[in-house]
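Its first residue numbered 1, the sequence shown is counted upward by one per residue in UniProt numbering.
Okay, so here's the structure we're looking at.
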Amino acid sequence: MFGNPTVADIDLAQAICERIPAIERVRFLNSGTEALMFAIEAARAMTGRTRLAKLEGAFHGTYDWAEVSARSSPNNWGGDYPKSNPPYRNTPPHVCEEVVVLPLDDTARSKTIIEQHGSDLACIVVDVLPCAAGMIPLNPDYLTMLQDTARRHGILLISDEVVSFRVHYHGASAARGFHPDLVTLGKVVGGGLPIGVVGGTSATMEAFAPHDSATVPQGGTFSANPLTMAAGRAALAALTVGEIDRINELGNYLRQQAEEFASQAGVAITVQGAGSLFRFHAKQHRPLSYREAHHDIAESEALRRLHAGMLERGIYVAAPFWGGYFDFSDKTSRRRFPRCLPRMSPRNSRSQETRSENCHMSETTSPPESEIALFSLLVCDLTAFDDFDTQLLALNLSTLRAERAAVGDIDQLLSAYSMLRAESAPGDVAYRCQALRSNGDFEETLKQILYLLYLGSIRVNGHWKRCGWRQHEDALVWKALGVHSPMTRGEGEFGDWADRPRHRARTDQRNERLA
C-alpha cells in the first residue's frame, strides 16, 4: 500500500493542476468509476444533500447511482420528463429515488426539473461530450443554464472527463467554457495503466481533508502507485498542444472519410463526435438528443453487420461503435472499410458478397498468403500471442494445406466461416444457429469445416484428427448441425476432448521441460 506521497504522484498532480483550470487539488484512485463515486460522495458531504442529477443516456461508470437511466429505451424512458430507470434487475428502489434524470440538451425542460428539485440536489453530473448517449456535444446555452441554475441552488457541478479530457489540452470542460466544481479523469491520464482522478477547487477538495472526521475517507491499496504515476506523467508530457491537435485532425478525417464512404455505398451512416472521439450511427441525419440517437432494431442490426464486417477485414473497433481515434489513413484500412458497408443492408446476401470477393481464389491451386493470414487471424484464439502459439498456428495451417481434399477448397472454408461470423455477433450462439438452420448448403464437407472451426478437429479417412485449437461452443451448435456433441459419443470415436489441443500441447511442453 502506497500510503505516503512519492515524487511521481506529486509530479503528476502538479501537471494536472497546471493543465486543467478547474483543478487546484487532486486525489488519485484506480478507475474512472472510483473517481466519479468519490466525487459524488464529496458533493454529498459538502452540501448535506443526498440526491443527484444526471443526463438521460449518459454513462459515468459502474456505480449504482451513476448508472440510473444510462440504458433507457422507448419502452421505459417516459414522456417529456425522463424516468429514473434502474440499471439492473433488483436495484434497490431508493437508488432511483435519489437520481433525477435530465433530458439531454433540452434547456427548458432540464431547467424546470432542476428548479423543481434544486433544494434536494447535491450535484449534477455532466459529460460535455456524452459518449454513450450518442457522442453529441452539448449546446453552450445548455451548459450555461446548468451552471447558472446550479449556482443559484447551491448544487455542485461534476464534470466527467474520464473519456473526453483528451479532446483539448486543458480538457473538455475548458474547451466548452464549462466551469465545474469537481472534475473526474481516467484512461489517458494513466498512460495505459489503471487510474482515476478526482480534482477540484481547494475549497471543494476539503471534503477529503484527513484531519476532519466529517469528511470523506478515501484511499486504496494501489491508489497513486508509482508505476501508474510515472506512466501518467509521461503520457501528459507526450500529449502536447501540437500532438492533441494532430490526433484531433485525424479524428476529423476519420469521421469525414467514414461518412464519405457510406454516401458512396448508399448506406445510412453518420459519425458523431469531436476531436479524436467518434460514434457511428446507422441514421441519415445526425441525432440531436439521446432519444434521437437511440438505435431501433433495424439500425442495431445494421451496425452489428458493419461491426462483423470490420472485424473480418482487420479493422478493430469496439462493438458499441464509440471510442477514440483509430488510424484510417493507411491504404489497407481505406480499402477495407468501404467493403464492409454493403453488409449493413439486409438485402445483401453475405454468401453472395463472399463469393464475389473470393471468386479469384478458385482459379489458383492455393489461396494467397494474405488470405491465409487473414483466415488464421480469424480462427485463432486471441487470448495470447507468444512464440508457442505461433508454432501451433503454423502447424495448423500446414495441416489445412495437407488435408485440402478432406476439407474442400480453402475459399469454401473462408466463405463458410465468413458467413457464420457475418450472421452473428461474436460469441452469440443463437445467431449462429439461426444462420445454420437458414442455409441449405451445409452438406458433409461444410459440416466438417464447421467441426474444424468450432472444435479444432476434422474427420479424415474415417478418423478424427486434431488440426486446430478452437474450443467447442455449446449444445445449441450441435443441435443446429443435427449431430450429437462429441461429449455424448463413445470414447475413442472422437478422441480425447477433455482439454483443448492448445492447452494439451502446452501441458506436454511443460512436462517435457520438467523432465
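Yeah, the Cβ is synthetic: ideal placement off N, Cα and C, and Gly gets one too.
- Each of Leu193, Ile244 and Gln264 was checked against the Cα of Gly232, and the nearest Cα belongs to Leu193.
- The shortest C-alpha to C-alpha distance from Asp105 to any of Asp296, Glu301, Ser289 and Glu299 is the one to Ser289.
- Residue environment analysis places Val26 among the buried positions, since at least 16 neighbouring C-beta atoms fall within 10 angstroms of its C-beta.
- Taking the Cβ atoms as the reference, Phe28 lies roughly 6 angstroms from Val197, within the contact range of under 8 angstroms.
- For Ile158, the enclosing beta strand (DSSP E) covers residues Leu156 to Asp160.
- DSSP places Ile297 in the helix class (H, G or I) of the three-state scheme.
- Remark: three or more beta-carbon pairs, one from each stretch, lie closer than 8 angstroms, so the stretch 112-127 and the stretch 144-158 are flagged as touching.
- Going by DSSP, Gly242 is part of the alpha helix (DSSP H) stretching over Val241 to Ala265.
- Look at the beta carbons and you see the stretch 90-107 not touching the stretch 166-183: under three pairs across the two are nearer than 8 angstroms.
- Collapsing the DSSP output to three states places Ile124 in a strand.
- In this structure, the alpha-carbon of Phe178 lies about 20 angstroms from that of Ala132.
- By the Cβ neighbour-count rule, Asn4 is exposed, with fewer than 16 other Cβ atoms within 10 Å of its own.
- Contact annotation: Leu36 and Ala70 have beta-carbon atoms that are not nearer than 9 angstroms.
- DSSP, read as helix, strand or coil, puts Thr270 in strand.
- Note on Val162: 16 or more other CB atoms within 10 angstroms of its CB, so buried under the neighbour-count rule.
- Taking one beta carbon from each stretch, the stretch 291-307 and the stretch 266-282 have 3 or more pairs nearer than 8 angstroms; the two touch.
- In the structure shown, the three-state DSSP call for Leu303 is helix.
- Of Thr6, Leu12, Pro21 and Ala293, the smallest CA-CA separation from Val183 is found for Pro21.
- Thr184 carries a strand assignment under DSSP once its states are collapsed to helix, strand and coil.
- A straight-line Cα-Cα distance of about 18 angstroms links Asn139 and Val101.
- Just measuring C-alpha positions, the residue of Phe222, Val216, Ser276 and Pro137 sitting nearest Val188 is Ser276.
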